[in-house]
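Presented below is the structure to which this report refers.
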Amino acid sequence: MKKSLPLIILSALIILSCARPAPPPTPPKEKLKTEFLLVGHRSPSGQPDRSQETLEKKKEIYHALKDLSGQNHIVIIYDASGSMKEKLEGKDQKRFEAAYEGLKQIVTLFKPNDRVGLIVFGSKKLAGLTSDGVIIRKDYTRAMEACGDVEIIFNPRKKGFDQKEFLAAIHFLGSEKAYIGDTPIGYSVLKAHSLLKGLSNAMTILITDGEETGPLLAQNVAKNKAWEQRLRREYPDFDELTLSAFDAIKRLVDEKIHFSPILYGLRGSGDKEAQKIRDFYHKLATASGSVYLEAVTPQGLLNAFMEAEMMSFTFALYSTDPGKKGPLAARGKVGIPLMIEEGKYLLRTDTEKPFEQEVELKPRVKNIFSFNINREGKMSLVAIGNP
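Numbering (my numbering), first residue to last: 6 to 392.
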């Protein structure tokens, strides 16, 4: 035993000298942020496609999404101000002529169970402000009347949608005589808010070509204190009549009422006035959690309207990656890009009849997914435009 002791000690020393500490665990790979965009419908290439076939496919998906969501309540705000009489760039046709044809096409989208409202501004009272925002001939009363020229043609609380009745009610918008007024966007949005407050799946879609005039009137009036005091006495709702679109939008947001503006017939990006209007509506749409859309043809307006309405659909993304399975990762809207970590997610729509599908979001690319309906009528999401 004594002879084996040195051997045992030597063996132990050799083992200890050969032992190495275990390497530290490999840190998990840091996931990159990537862009995700869910659209209602887009061609497989991801490029714009204005063919009739693509339009019909979009209509099919539009109706399928509406069937998932349950009862919808929509208010269309339509611009009948004097600027709608201007000609479309490079054409003999006037803005209102093409917009009216587009509005009639929009009417064909609605089904008898839809709840549709319509507000028209600028069709009854002559404009009170010049194109530079100055009160015409200092006629304050005329300017106030023009600012209050907001008419409710249809109420979304009315049950049932009658296409013939609606078309008859908007027939006057086919005449140039209807386009005479100012652009009280804020007051119009306020009216839409009053119609939609408390209703489910509520949305407001604005069709316009101009910047708001309500705040411009308020600025003019503020320069003449005597007139301001008089007008405030004569118009108890003075502050509402001159409310800015941004203040009105806050009320929609508070009620979770979706808002989308569609700019109609604007000149190209080289036109300073048109760009000013685009900048205004970009900020306004951003404040509401949306984006502005544009159209210059009747079919383009129909297409933009469907996109605007589908933009009201929201969804949730739940992580399905190992170790993260289950937690809510993000919420989004159709048509609005969002940044999120790469990985696998379960997408579920916030609709009465939820639709869900797993999606894999890759790094360093725009992950664009589009709704699709196959020949059997089954809805799915397909990745488009990715390398």
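Glycine included, each C-beta is placed from N, C-alpha and C at the ideal position.
Contacting residues, own chain, Cβ-Cβ under 7 Å from residue i (five flanking each side not counted)
i      : result
Leu248 : Gly191, Tyr192, Leu195 and Gly219
Lys349 : Thr325, Asp326, Glu363 and Glu365
Arg237 : Phe243
Ala250 : Ile190, Gly191, Val194, Glu217 and Leu289
Glu245 : Tyr192 and Leu195
Val226 : Tyr145, Trp232, Glu233 and Leu236
His46  : Lys62, Lys63, Ile66, Ser375 and Phe376
Lys96  : none
Within 7 Å, strictly: CB atoms of residue i and residue j
i      : j      : result
Ser293 : Val44  : no
Ile210 : Ser265 : yes
Leu307 : Gln110 : yes
Leu386 : Gln362 : yes
Pro3   : Val80  : Only positions 6 to 392 of the chain appear in this structure, which leaves residue 3 out of reach.
Asp119 : Ala151 : no
Leu298 : Ala309 : yes
Thr319 : Lys338 : yes
Glu40  : Met344 : yes
Glu346 : Lys36  : yes
Tyr105 : Trp232 : no
Val125 : Ala173 : no
Tyr269 : Ala290 : no
Arg100 : Asp214 : yes
Glu217 : Ile282 : no
Met208 : His263 : yes
Gly133 : Asp154 : no
Leu3   : Thr356 : Residue 3 lies beyond the stretch modelled for the chain, which goes from 6 to 392, so this question has no answer here.
Gln168 : Val112 : yes
Other residues of its chain near residue i: CB distance less than 8 Å, five sequence neighbours each side excluded
i      : result
Arg380 : none
Thr302 : Ala103 and Gly107
Pro392 : The pLDDT assigned to Pro392 is 46, lower than 50, so where the model puts this residue is not dependable; a value taken from the coordinates is nonetheless given after this. Cβ neighbours of Pro392 beyond the five flanking positions: Val370.
Lys92  : Gln98, Lys99 and Arg100
Proximity to residue i [Cα-Cα], best of the options
i      : options                           : result
Lys71  : Leu114, Asp242, Trp232 and Ile157 : Leu114
Phe166 : Ala290, Leu386, Ile378 and Asn77  : Asn77
Lys90  : Ile185, Ser56 and Leu37           : Ile185
Glu312 : Leu343, Glu170 and Ile267         : Ile267
Lys116 : Gly127, Glu233 and Gly75          : Gly75
Pro359 : Met384, Val370, Leu366 and Lys371 : Met384
Ile66  : Val226, Leu351 and Asn377         : Asn377
Lys129 : Gly95, Ser180, Glu94 and Lys164   : Ser180
Gly87  : Asn225, Leu178 and Leu172         : Leu178
Pro241 : Met149, Ser205 and Gly305         : Met149
Ser295 : Leu351, Pro342 and Asp97          : Pro342
Asn206 : Glu156, Val258 and Leu351         : Val258
Leu204 : Lys230, Lys163, Glu156 and Gly275 : Lys163
Arg147 : Glu239, Gly340, Lys202 and Lys230 : Glu239
Neighbourhood of residue i by C-beta distance below 6 Å, restricted to the same chain and skipping five residues each side
i      : result
Gly122 : Val80, Phe159, Asn160, Pro161 and Leu200
Arg256 : His198
Arg83  : Note on residue identity: the sequence assigns Tyr, not Arg, to residue 83. If we look at Tyr83 and ignore the five residues flanking it on each side, its Cβ neighbours are Val125 and Ile212.
Ala253 : Gly191, Val194 and Leu195
Ala183 : Ala85, Ser128 and Phe177
Gly143 : The sequence shown places Lys at residue 143, rather than the Gly named in the question. Nothing listed; no residue qualifies.
His68  : none
Ala279 : Leu271 and Arg272
Quick one: which unbroken beta strand (DSSP E) runs of 3-plus residues sit fully inside the stretch 294–368? Chain order, please.
298–300, 319–324, 333–338, 343–346, 348–354 and 361–366
Three CB pairs or more closer than 8 Å across the stretch 219–238 and the stretch 137–155
yes
4 or more residues per run - each alpha helix (DSSP H) lying fully within the stretch 131–167:
145–152
Complete runs of the alpha helix (DSSP H) confined to the stretch 201–273 [at least 4 residues]:
For the stretch 201–273, the continuous alpha helix (DSSP H) assignments of 4+ residues that do not extend past its boundaries occur at 219–227, 230–239, 243–246 and 250–259, in sequence order.
3-residue-minimum beta strand (DSSP E) runs that sit fully inside the stretch 62–119, ordered along the chain:
78–84
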